[in-house]
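Notes for the one structure printed next.
Number of protein chains: 2
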Amino acid sequence: MQIETQISRKDQIIQTASKLFRLKSYEAASMRDIASELGIEAASLYSHIKSKDEILEIICFRKAEEFLNAIAEVNDIYFDAEEKLRMAIKNHVRIIASDLDAATVFLREWRYLSSEKLKEFVSLRHKYENEYRIIIHQGENENVFDTVDVKFAVLTILSAVNWIVEWYNPKGSMVPDEIADNLTGFILTGLKKKTA
Amino acid sequence: MQIETQISRKDQIIQTASKLFRLKSYEAASMRDIASELGIEAASLYSHIKSKDEILEIICFRKAEEFLNAIAEVNDIYFDAEEKLRMAIKNHVRIIASDLDAATVFLREWRYLSSEKLKEFVSLRHKYENEYRIIIHQGENENVFDTVDVKFAVLTILSAVNWIVEWYNPKGSMVPDEIADNLTGFILTGLKKKTA
DNA sequence: CCTACCGATCGGTAGG
DNA sequence: CCTACCGATCGGTAGG
Chain V
235 MQIETQISRK DQIIQTASKL FRLKSYEAAS MRDIASELGI EAASLYSHIK
285 SKDEILEIIC FRKAEEFLNA IAEVNDIYFD AEEKLRMAIK NHVRIIASDL
335 DAATVFLREW RYLSSEKLKE FVSLRHKYEN EYRIIIHQGE NENVFDTVDV
385 KFAVLTILSA VNWIVEWYNP KGSMVPDEIA DNLTGFILTG LKKKTA
Chain R
235 MQIETQISRK DQIIQTASKL FRLKSYEAAS MRDIASELGI EAASLYSHIK
285 SKDEILEIIC FRKAEEFLNA IAEVNDIYFD AEEKLRMAIK NHVRIIASDL
335 DAATVFLREW RYLSSEKLKE FVSLRHKYEN EYRIIIHQGE NENVFDTVDV
385 KFAVLTILSA VNWIVEWYNP KGSMVPDEIA DNLTGFILTG LKKKTA
């Protein structure tokens, strides 16, 4: 009956790997790099994990699950499309900001997944994208969103939202919710003057 | 006095490398991979190029120059901000579509540049981003663009424009100029119904 | 968790 | 453009 908030060795490995995979990429970061960061030998890592592959899988699929749970919750709680979109983006930005290392690996290094896992991963991402497509469709039906190429719109929205891993600074002036609000504003009304 | 349209061995190497760097990433694609694609031995590559690094540098800096030339031309030819933005995006998409392999490497693999070259590369990208910032500012002054966080707006615009390397299909139904028009529409007026 | 090690593969060079 | 090769490093295993 441990009440300690100790983080398991396995999770320490995953956390360290996230940091190094983000910094140097999955291929360039070696098991020796990860081990030395933890003050142990590379061979010792294998008492906790099966392979380098496995680490990447855990990082990518954990994040995928987080994103999918968040969008499911939004669809449960909110009713109108604009609010759904607003909250989906807010959650998305929060998840990225809560663990920037893992989120960056999820977004940037997933290509290195082994081919079976890669297929599964891609299908989870499609599932996530599809949730956004449904929201946009709903907005069109509610007559609050313009009729657009929905696939195209979702790609554009997610690209902007995911791009924040490239510039987000936890010590910067914008907190995650502000970033989300700014993004949503941009997505909803664009750059052009409304009262021109 | 050769009139042949032959492509030099060096350029063949660069083209093949672009393809493989995009497909497998810079680190994972080996010199032996590139050589075998060309039907020669890995050692033979070094008669035409100095190092693997050099290939990446050539790809990244060639593209950087293309992008910078294009935006300079836009600023020379057009006057009002909206038209400048429209044409800048059109050129950007055209450059990406004209050589998807090289563009993808430019956008995805530049992190592997050696540290001196990386610094130079990042400064070229900042220069490019700055040209967009100037256009947005001009639009604010002309009272056609809303006042926004300019840095944020440029990041969002470029993320959407660059994301096309992830889904653009040369054999797909949308030609580059259509993609550019769609993107520009989205960026200018957003998702929300105007006549609600 | 360590020592000791393996086979494979890497970028690159020498010398022709 | 090739053969022959180098030192370095990789992910991972055996055995304790």
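Listed in order, the protein sequences are those of chains V and R.
One point on numbering: in the numbering used here, the residue at position 62 of the first sequence is 296, and numbering is uninterrupted.
One point on numbering: in the numbering used here, the residue at position 118 of the second sequence is 352, and numbering is uninterrupted.
For every residue, glycine included, the Cβ atom is placed at its ideal position computed from N, Cα and C.
Cβ-based neighbour list, residue i, same chain, cut-off 8 Å, excluding 5 preceding and 5 following
{"i": "Ile-311 of chain V", "result": "Met-321"}
{"i": "Ala-263 of chain R", "result": "Ala-251, Leu-254, Phe-255 and Leu-257"}
Presumed contact (8 Å Cβ cut-off) between residue i and residue j, rounded CB distance
{"i": "Leu-279 of chain R", "j": "Asp-267 of chain R", "result": "Not really, about 11 Å apart at Cβ, beyond 8 Å."}
{"i": "Ile-379 of chain R", "j": "Ala-298 of chain R", "result": "As written in the sequence, residue 379 of chain R is Phe, which differs from the Ile given in the question. Their Cβ separation, rounded to whole angstroms, is 27 Å, which puts Phe-379 of chain R and Ala-298 of chain R out of contact at 8 Å."}
{"i": "Leu-417 of chain R", "j": "Ile-292 of chain R", "result": "The pair is not a contact, with the Cβ atoms about 29 Å apart (cut-off 8 Å)."}
Minimum Cβ-Cβ distance from residue i to chain V less than 8 Å
{"i": "Ala-309 of chain R", "result": "With the sequence shown as reference, residue 309 of chain R is identified as Asn, and Ala is not the correct amino acid for it. No, its Cβ sits nowhere closer than 8 Å to a Cβ of chain V."}
{"i": "Ala-337 of chain R", "result": "no"}
{"i": "Asp-383 of chain R", "result": "yes"}
{"i": "Leu-389 of chain R", "result": "yes"}
{"i": "Phe-420 of chain R", "result": "yes"}
{"i": "Phe-181 of chain R", "result": "Coverage of chain R is limited to positions 235 through 430, which leaves residue 181 of chain R absent and any answer about it impossible."}
{"i": "Gly-273 of chain R", "result": "no"}
{"i": "Gly-406 of chain R", "result": "no"}
{"i": "Arg-367 of chain R", "result": "no"}
Close beta carbons around residue i, own chain, < 6 Å, minus the five adjacent residues each side
{"i": "Thr-338 of chain V", "result": "Arg-256 and Val-399"}
{"i": "Arg-367 of chain R", "result": "Val-384 and Val-388"}
{"i": "Ala-331 of chain V", "result": "Pro-410"}
{"i": "Glu-316 of chain V", "result": "Val-378"}
{"i": "Asn-325 of chain V", "result": "Ala-304"}
is_contact[residue i, chain R] using C-beta, thresh 8 Å
{"i": "Asp-267 of chain V", "result": "no"}
{"i": "Phe-255 of chain V", "result": "no"}
{"i": "Asn-403 of chain V", "result": "no"}
{"i": "Phe-379 of chain V", "result": "yes"}
{"i": "Ala-430 of chain V", "result": "In this prediction, Ala-430 of chain V scores a pLDDT of 46, lower than 50, which makes its location untrustworthy; no coordinate-derived value is stated."}
{"i": "Ser-252 of chain V", "result": "no"}
{"i": "Asn-416 of chain V", "result": "yes"}
{"i": "Ala-394 of chain V", "result": "yes"}
{"i": "Ser-259 of chain V", "result": "yes"}
{"i": "Leu-290 of chain V", "result": "no"}
Pair within 8 Å by beta-carbon distance, residue i and residue j
{"i": "Arg-345 of chain R", "j": "Ser-259 of chain V", "result": "yes"}
{"i": "Ile-413 of chain V", "j": "Ile-391 of chain V", "result": "no"}
{"i": "Ala-304 of chain R", "j": "Ile-329 of chain R", "result": "yes"}
{"i": "Lys-426 of chain V", "j": "Thr-381 of chain R", "result": "no"}
{"i": "Pro-404 of chain V", "j": "Leu-347 of chain V", "result": "no"}
{"i": "Ala-365 of chain V", "j": "Asn-309 of chain V", "result": "For clarity, residue 365 of chain V is Glu in the given sequence; the question names Ala instead. In contact: Glu-365 of chain V and Asn-309 of chain V (Cβ atoms closer than 8 Å)."}
Closer than 7 Å: residue i CB and nearest the ligand PLP heavy atom
{"i": "Ala-394 of chain V", "result": "What this structure holds is no ligand at all, so the ligand PLP is not there to describe."}
Own chain, CB closer than 7 Å to residue i, minus 5 neighbours either side, in chain order
{"i": "Ala-430 of chain R", "result": "The pLDDT assigned to Ala-430 of chain R is 47, lower than 50, so where the model puts this residue is not dependable; a value taken from the coordinates is nonetheless given after this. Excluding sequence neighbours, Ala-430 of chain R sits near nothing in its chain."}
Note down, one range per segment and in chain order, each beta strand (DSSP E) of at least 3 residues found wholly within the segment 237-289 of chain R.
none
Whole runs of the alpha helix (DSSP H) within the segment 312-398 of chain R, excluding any shorter than 4 residues:
315-332, 334-342, 349-375 and 384-396
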